[in-house]
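Below is one structure; the comments refer to it alone.
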Amino acid sequence: MVRASRAAGVRDERVLEALRSVQRADFVPRAEAVSACLDVPVPLPHGQVTTQPSLVALMVEALGLTGGERVLEVGTGYGFQAAVLARLAGEVVSLERWADMAGQARRRLSRAGVGNVSVTAADGTLGSPERAPYDAVVVSAAFPEVPEPLVGQLRVGGRLVQPIGPGGREQVRLYERTARGLTPRRTIVPARFVRLYGEYGYPPGTDP
202 MVRASRAAGV RDERVLEALR SVQRADFVPR AEAVSACLDV PVPLPHGQVT
252 TQPSLVALMV EALGLTGGER VLEVGTGYGF QAAVLARLAG EVVSLERWAD
302 MAGQARRRLS RAGVGNVSVT AADGTLGSPE RAPYDAVVVS AAFPEVPEPL
352 VGQLRVGGRL VQPIGPGGRE QVRLYERTAR GLTPRRTIVP ARFVRLYGEY
402 GYPPGTDP
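The sequence shown: position 51 = 252 (the working numbering), numbered continuously.
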């Protein structure tokens, strides 16, 4: 996974070491354990998938974390990206749409000894205003625009990464919150993501 991340363009050694230190097999369904060491997405319940490790590394690297930040993650899955973030930031607030998956993530993170991540079953498009402001936000599902609540909860100078598109063909983009609002900085990589559902995303029950 580290070699694949380097090949994809990741250069931050802290990110690569965090990726190396997280056992991905701890964060995938048991039936998919053989795929955990490969740089591929892995299926999860409810039609969700884990993001492939090299893409996780690219998205996390773009946040520019230095160690003390509070990060908001939208889309916990089984907790792999949260575990990587936990090794790079001070606190991770993670939101997962599906309650059973949020429970799985909590148990898996606890077994892995990760103590600075809180996982809540909630509409990720609403963010978690009671814990705001955030130094960084990472969204692991696709929508054509950034949900307004997430912009409002990001501090000035903070960074946000989200796949922008309809779901299935996206551009993963980096934004920075400035005094004027959310400012695009660069496109990180083209990718494919599941759709972002919620009040400020796609209505639940609508399919691509």
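All residues carry an ideal CB built from backbone N, CA and C; glycine is no exception.
{"Item": "With three or more beta-carbon pairs closer than 8 Å as the criterion, would you say the segment 260 to 274 touches the segment 241 to 249?", "Value": "no"}
{"Item": "How big is the Cα-Cα spacing for Ser236 and Ala313?", "Value": "19 Å"}
{"Item": "Count the other CB atoms, across all protein chains shown, that sit within 10 Å of the CB of Ala258; report buried if there are 16 or more and exposed otherwise.", "Value": "buried"}
{"Item": "To which residues of the same chain is Glu412 closer than 7 Å at the C-beta, ignoring the five residues directly before and after it?", "Value": "This structure cannot speak to residue 412, because the chain is shown only from 202 to 409."}
{"Item": "What is the DSSP secondary structure of Arg212, counted as helix, strand or coil?", "Value": "coil"}
{"Item": "Distance, Cα to Cα, Arg356 vs Gly402?", "Value": "21 Å"}
{"Item": "With DSSP run on the structure shown, which of helix, strand or coil describes Phe344?", "Value": "strand"}
{"Item": "Contact defined as beta carbons within less than 8 Å: I believe Arg387 pairs with Gly358. What is the distance between those atoms, to the nearest angstrom?", "Value": "Not quite, the Cβ-Cβ distance comes to about 16 Å (not below 8 Å), so this is no contact."}
{"Item": "Pick out whichever of Gly369, Tyr376 and Arg332 has its Cα sitting closest to the Cα of Pro348.", "Value": "Tyr376"}
{"Item": "CB-CB under 6 Å to Leu351, same chain, minus the five flanking residues each way: which ones, in chain order?", "Value": "Gly328 and Val338"}
{"Item": "If you draw a straight line from the C-alpha of Pro367 to the C-alpha of Gln249, how long is it?", "Value": "15 Å"}
{"Item": "Report the rounded CA-to-CA distance for Pro405 versus Ala226, giving the unit in angstroms.", "Value": "30 Å"}
{"Item": "Along the chain, where does the alpha helix (DSSP H) containing Pro254 start, and where does it finish?", "Value": "Pro254 to Ala263"}
{"Item": "Can you check the segment 285 to 346 for any beta strand (DSSP E) of at least 3 residues that lies completely inside it and give the ranges in chain order?", "Value": "292 to 297, 318 to 322 and 335 to 340"}
{"Item": "Sort out for me which residues DSSP pairs Thr388 with in a bridge.", "Value": "Arg374"}
{"Item": "For Arg309, which option in Arg332, Val293 and Ala283 has the closest C-alpha, if you only look at C-alpha atoms?", "Value": "Ala283"}
{"Item": "Let me know if Leu239 comes out buried or exposed under the rule of 16 or more other beta-carbons within 10 Å of its beta-carbon.", "Value": "exposed"}
{"Item": "CA-CA distance, Ala410 and Arg215?", "Value": "Beyond the ends of the chain as shown, which are 202 and 409, falls residue 410; an answer cannot be given."}
{"Item": "Please classify Gln363: does DSSP put it in a helix, a strand, or coil?", "Value": "strand"}
{"Item": "Please state whether the Cβ-Cβ distance between Arg332 and Leu273 is less than 9 Å.", "Value": "yes"}
{"Item": "Run through the DSSP bridge pairs and tell me what Leu355 is partnered with.", "Value": "Tyr335"}
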